[in-house]
Structure formats: structure tokens, C-alpha cells
Amino acid sequence: MGSRVAPLGVLLASGLAATLVLGGCSGGGDTTASAAGSATPSGSSGPADPGPASGPASGQASVAASPYLPVPDGVELTAQGSELQLGDDAVVAYRPRQGTIGALDLKVTGLERTTFARSFQGWQLDKATRATSPYFVHVTVRNVGDTDLGGKPVPLYIVDGHDTLIESSTFASSFKPCPSTPFPKKFGHGDTVKTCLVFLSPRHGDLTAVSFRPSQEFNPITWTGKIAEADAPASGKHHRSGKGSKRHGGSKQG
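Following this line, the structure appears as C-alpha cells:
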């Protein structure tokens, strides 16, 4: 059975876990997120019926031999197991809720490591929260399906240094360094959004990959690349507006 991360003060833990076969981050100054192998999840509550897994395609997005979910004509899904680099597109399909299929073009464009002192000025953080490592993930998303996905979360996770899938954090108020918000209220066919997602990696965990994995049967599509240092905020400016936030954490198979 999987165990859940304990609530972290104002950052409330909930989420999805997976045991993964992955490579860790390298030490030193320049850090690169790198992944290898396939994921073997446990306790996933993601959508069902992802279709058969395809073999990985390292460094490029190959087209799936056959769609794992029904998508509109002209939409060619990226093969499951594709291992991509920053800036690569993946066209994916998933079930945001029962009976509904969404199709997205996802492009992870940047990874940033930060600190609470640098980016979370004005936030009250307990000891458990400070034991996490914050990361920013920049992504461009285009809706290529027929379903309006307004208000739905961006279906991406990070893989931490403890082989756990971590959901993005959301904030009940404005967080200017990296808003980490769901899709706009209206997000229909052809709509595009550029966004930044916040991930808190438990136990000072690393970021080894960004993952699209909507269900435990799905052979994940991953992005890896160099992790930059987030810019420090302008001196004297606080980036908190309002109060309250939620951290969507992960859990690991025991």
C-alpha cells in the first residue's frame, strides 16, 4: 500500500504516487534532469483505458502507431514512452473526467530551481514545508481537441529524487514568481496558454524529469533538460497577494 505525505501546514498534501526507474540529478553547479527506463506506478487514481504502451523514442516525439484514445481527425498522438528534451512538443490525450477526452499539445520550455528565501517572500512556512525543494516548470499548452478544458489542471507531474510523482501546487491567491494556475475558465479548441507550475519536492528531493502520465497503465512521456536557477525577485518587493495555498504532494509505495 502507498503512504501519503503528511499535511504541510498551509500547504496541504494530496496526490498521486508512483515507483519509477529513473536516473537522478547530477551534482554540482549545472544540473540536468535526466530519466531512463519506464515507470511502474502504484495507487494511481488517474484515468483508465490509456491503450497499449508504445516503445520509447529518445530525444524526439514519434507518432503513436494507433491512437490510445479517440481524438479528432488530424490529431496525431505522440507515442507513449517518448523521452523528450526541453522545447519538444508532445500531443497527448487523457480523460480529465469520466466520459470526457481532452487532447493537448504540451511543450515544456524551462526548468528552474529556487529557494523559499528567494521566491516565497512573505509566506509563512512550517518546518515540514521547508524540508521540500521548490521548482518552477514552464510549459506552453494548446488545446487540439474538441473538449473545453477550462478550469482543469495542467496534467503534468515531476519525478523527484525519491522516485515519486509529484503534482503541482496551487495557490488560493496570487503568486507572481510562478502563478501555478489551472487552465483559464474557457479553454477550448485552438486556445493556447503559457504558464508556470510550482512543484515542491519532499525531503529536499530533486527534479529528474517532467512527466505526462494520466494513469498507471500509461507508459509516461517525459521531458528532461538543464535546470536553471530562478531569478531573485526585485529588492523590497513581496510576491504574496492574499493568503492560502495548496500543495499537491506525492506518495511512494512502501
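If you use mature numbering (1 follows the signal peptide of the UniProt record, and there is no 0), the sequence shown corresponds to residues -23 to -1, 1 to 231, in order. For each residue, glycine too, the CB sits at the ideal point set by N, CA and C.
Quick check on DSSP: helix, strand or coil for A94? Three-state result, A94: helix.
Considering Cα atoms alone, identify which of D82, T92, P111 and Q98 is closest to A38. Ranking D82, T92, P111 and Q98 by Cα distance to A38 puts D82 first.
State whether the stretch 136 to 143 contacts the stretch 68 to 77, with contact taken as three or more CB pairs (one from each stretch) at a distance under 8 Å. Result no; under three Cβ-Cβ pairs closer than 8 Å.
In its own chain, which residues sit with a C-beta less than 7 Å from the C-beta of P156, not counting the 5 before and 5 after it? T172 and C173
Using beta-carbon positions only, say whether K162 and G122 come within less than 8 Å of one another. No. Outside cutoff.
If you draw a straight line from the alpha carbon of T86 to that of T201, how long is it in whole angstroms? 10 Å
Hey, could you find the ends of the alpha helix (DSSP H) residue 232 is sitting in? In the structure as shown, the chain begins at -23 and stops at 231. Residue 232 is therefore absent and cannot be evaluated.
With H, G and I counted as helix, E and B as strand and the rest as coil, what does DSSP make of H115? DSSP, read as helix, strand or coil, puts H115 in strand.
Take D208 as the anchor and find which of F148, L54 and S96 has the nearest alpha-carbon. S96
What is the rounded straight-line gap between the Cα of A67 and the Cα of K104? 38 Å
Using a 10 Å radius around the Cβ and a threshold of 16 neighbouring Cβ atoms, would you call E60 buried or exposed? buried
Any idea what DSSP makes of G14, helix, strand or coil? Because the pLDDT of G14 is 34, which lies under 50, any placement of that residue in the model is unreliable, and the number read from its coordinates should be weighed accordingly. G14 falls in the coil class under three-state DSSP.
Cβ atoms of A70 and G79: under 8 Å apart, would you say? yes
The ligand GDP heavy atoms versus the CB of T124: any closer than 7 Å? The ligand content of the structure shown is nil, which means the ligand GDP is not present either.
Under a Cβ-count criterion, where at least 16 other Cβ atoms within 10 Å of its own Cβ denotes burial, should S21 be classed as buried or exposed? Residue placement at S21 cannot be trusted, given a pLDDT of 35 that sits under 50; the coordinates are not used to answer.
According to the neighbour-count rule (16 or more other Cβ atoms, all chains shown, within 10 Å of its Cβ), is E89 buried or exposed? buried
Quick one: what does DSSP say E60 is sitting in, helix, strand or coil? strand
Endpoints, the beta strand (DSSP E) within which K163 is located: No beta strand (DSSP E) holds K163; DSSP gives it neither H nor E.
Sorted by chain position, which residues of the same chain lie with C-beta nearer than 7 Å to F189's C-beta, five sequence neighbours on each side aside? A67, V69, L83, P132, L133, P197 and I198
Please look up how many angstroms separate the CB atoms of A108 and R180, rounded, as I've assumed it's under 8 Å. Contact flag correct, Cβ pair sits at about 6 Å.
Return the residue from the list T55, V187, V40 and Q57 that minimises the CA-CA distance to V116. Taking only the C-alpha atoms, the option nearest V116 is V187.
Got a sec, what are the start and stop residues for the beta strand (DSSP E) G202 sits in? I198 to E206
Contact belief for P44 with L54 at Cβ below 8 Å, rounded distance in angstroms: 5 Å
Under 7 Å Cβ to Cβ from D182, same chain only, skipping five residues before and after it: list those, please. Note on residue identity: the sequence assigns Gly, not Asp, to residue 182. Hits under 7 Å: S110, D137, G138 and H139.
In angstroms, rounded to a whole number, what distance separates the CA positions of A56 and N120? 18 Å
Here's the rule I'm using: 16 or more other beta-carbon atoms within 10 Å means buried, otherwise exposed. How should S178 be labelled? buried
Measure the CB-CB distance between F113 and S146 and report whether it falls below 8 Å. no
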